[in-house]
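Here is the structure we will look at.
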Amino acid sequence: MTVTSMALSVSHLTPHIGTRIDSDGETLLSGRHAQEIRALLETRSVLVFPEIGFDDEQQIAFTRSLGALAYDYNGVPMVNGEQQAIFKVSLDEKVSPTARSLKNSLLWHLDGTTHDVPILASVLTARHLAPAGGETEWCSTYAAYEALPDEDKRALEGLRAVHSNLQLQRNINPELSYADFRRARGGPSKSQPLVWTHRNGRKSLVVGATAAYVEGMPHDDSLELLVRLRDWATQPQFVYRHEWKIGDMVIWDNTGTLHRALPYAPDSGRLMHRSMLAGEEPFA
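Everything in the sequence shown is counted per our numbering, starting at 217 for the first residue and increasing by one.
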């Protein structure tokens, strides 16, 4: 379905998640449609601006038109003592100072599960592509929750899961050395609700690669529930997969989705530039 709204042409890409917006750069940077774009982001979770071709300055300006910028997130170092609004996303250690930690980007996750307030959204622009792989997938944790049987919804009420850096590192390397285990265990850890009730009244699942265990449940039962909910949320009907072209820009609602990149070679040249909207709503 395509709907033309003023200077925006809006096409829904799947029933539950993903909308393509065709417009020109001047219109997007004007800020005149910021509220409309934010409303679409809340209801559609992933917005695609095909081959818009923004440079870093334009990407930052566009991000700012939608809300406050997030800086220096997840331990990304400042450059020359200045906070950075653009982060280079690459598995190549020669390109990105956080390339090693970005291996977890290949796992289903949402950002900020060890924080009180996660980032609201991320904006990603394709600079260079891998010859093979490197597509990005998102699933709607709103739609996934809404489709759960009522019995499951009742069973999940009040349950909380602990999210931790240790769990993330063990997903990447199940046989951590003791020194690496101790280092990872010293990282952040946070208890979060399995079901996030948002200010807009909707509910979403909070699961993914950082989820270590459900509080108050036997270990194996806890893992079974987390795996079952992840697999439920990432079913094809809740997923949008984006095949990138140079200059594509995608923004997604971090609070109502999980995302992952599909595998690609670290030396493939794949490079994305990322900016972020600061969080506006706590998990609790």
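Note that the Cβ used here is the ideal one computed from N, Cα and C, for glycine as well.
What you are looking at is a predicted structure, and each value in this text was computed from that prediction instead of being measured.
Other residues of its chain near residue i: CB distance less than 6 Å, five sequence neighbours each side excluded
i, result
"Pro404", "Thr330 and Asn381"
"Gly495", "Val333, Pro334, Ile335 and Leu336"
"Val411", "Leu372 and Lys419"
"Lys461", "Glu267"
"Phe265", "Ile237 and Met465"
Bridge partner(s) assigned by DSSP for residue i
i, result
"Gln408", "Ala377"
"Asp238", "Ser225"
"Trp354", "Tyr456 and His475"
"Leu340", "Val466 and Arg490"
"Ala427", "His379"
"Thr413", "Lys419"
Sub-8 Å separation of residue i and residue j beta-carbons
i, j, result
"Ala301", "Leu493", "no"
"Tyr480", "Ala346", "yes"
"Phe499", "Asp327", "no"
"Gly384", "Ala425", "The residue you asked about is not Gly; residue 384 is Leu in the sequence shown. In this structure, Ala425 lies closer than 8 Å to Leu384 by Cβ."
"Leu256", "Arg476", "no"
"Leu487", "Ser306", "yes"
Backbone CA spacing between residue i and residue j [nearest angstrom]
i, j, result
"Asp466", "Val430", "The displayed chain sequence assigns Val, not Asp, to residue 466. So the two alpha carbons sit approximately 32 Å from each other."
"Lys319", "His489", "16 Å"
"Ile388", "Ala400", "12 Å"
"Met433", "Glu353", "30 Å"
"Ile268", "Thr279", "14 Å"
"Asp366", "Glu373", "11 Å"
"Gly297", "Ala428", "Low confidence applies here, because Gly297 scores a pLDDT of 44, under 50, leaving its location unreliable; read the following figure in that light. Approximately 35 Å, taken between the alpha carbons."
"Gly234", "Pro313", "31 Å"
"Lys406", "Gly241", "40 Å"
"Gly349", "Thr413", "35 Å"
"Ala250", "Leu244", "8 Å"
"Ala449", "His435", "21 Å"
"His458", "Asp271", "20 Å"
"Pro390", "Val422", "23 Å"
"Arg248", "Arg386", "45 Å"
"Thr473", "Trp324", "10 Å"
"Asp308", "Tyr287", "22 Å"
"Lys369", "Glu362", "9 Å"
"Ala277", "Ser239", "16 Å"
"Gly402", "Ser225", "48 Å"
"Glu351", "Val339", "15 Å"
Cβ shell of residue i (< 7 Å), same chain only, five flanking positions each side left out
i, result
"His232", "Ser356, Ala359, Gln453 and Phe454"
"Glu258", "Asn416 and Asp469"
"Pro293", "Per-residue confidence for Pro293 stands at a pLDDT of 42, beneath the threshold of 50, marking its modelled position as unreliable; the derived number appears in the next sentence. Excluding residues within five positions, the ones whose Cβ falls inside 7 Å are Pro313."
"Gly291", "Model confidence at Gly291 stands at a pLDDT of 43, short of 50, so the residue's coordinates are unreliable; what they give is reported in the following sentence. If we look at Gly291 and ignore the five residues flanking it on each side, it has no Cβ neighbours."
"Gly485", "His344 and Ala346"
Residue i: CB within 7 Å of a non-hydrogen atom of the ligand SAM
i, result
"Gly485", "In the structure shown, the ligand SAM is absent, as is every other ligand, since no ligand is present at all."
Contact set for residue i: own chain, Cβ-Cβ below 8 Å, skip 5 residues either direction
i, result
"Arg483", "A quick correction: the sequence has Asp, not Arg, at residue 483. So the qualifying residues of the chain are Asp308."
* To do: Could you pull out every unbroken beta strand (DSSP E) segment of at least 3 residues lying fully inside the region 429 to 495, listed in chain order?
  => Fully enclosed beta strand (DSSP E) runs of 3 or longer: 455 to 458, 465 to 469, 473 to 477 and 487 to 493.
* Scan the region 263 to 333 and note each continuous beta strand (DSSP E) run of 3 residues or more that stays entirely inside, going in chain order. => Taking only runs of at least 3 residues, the beta strand (DSSP E) segments lying wholly in the region 263 to 333 are 303 to 305.
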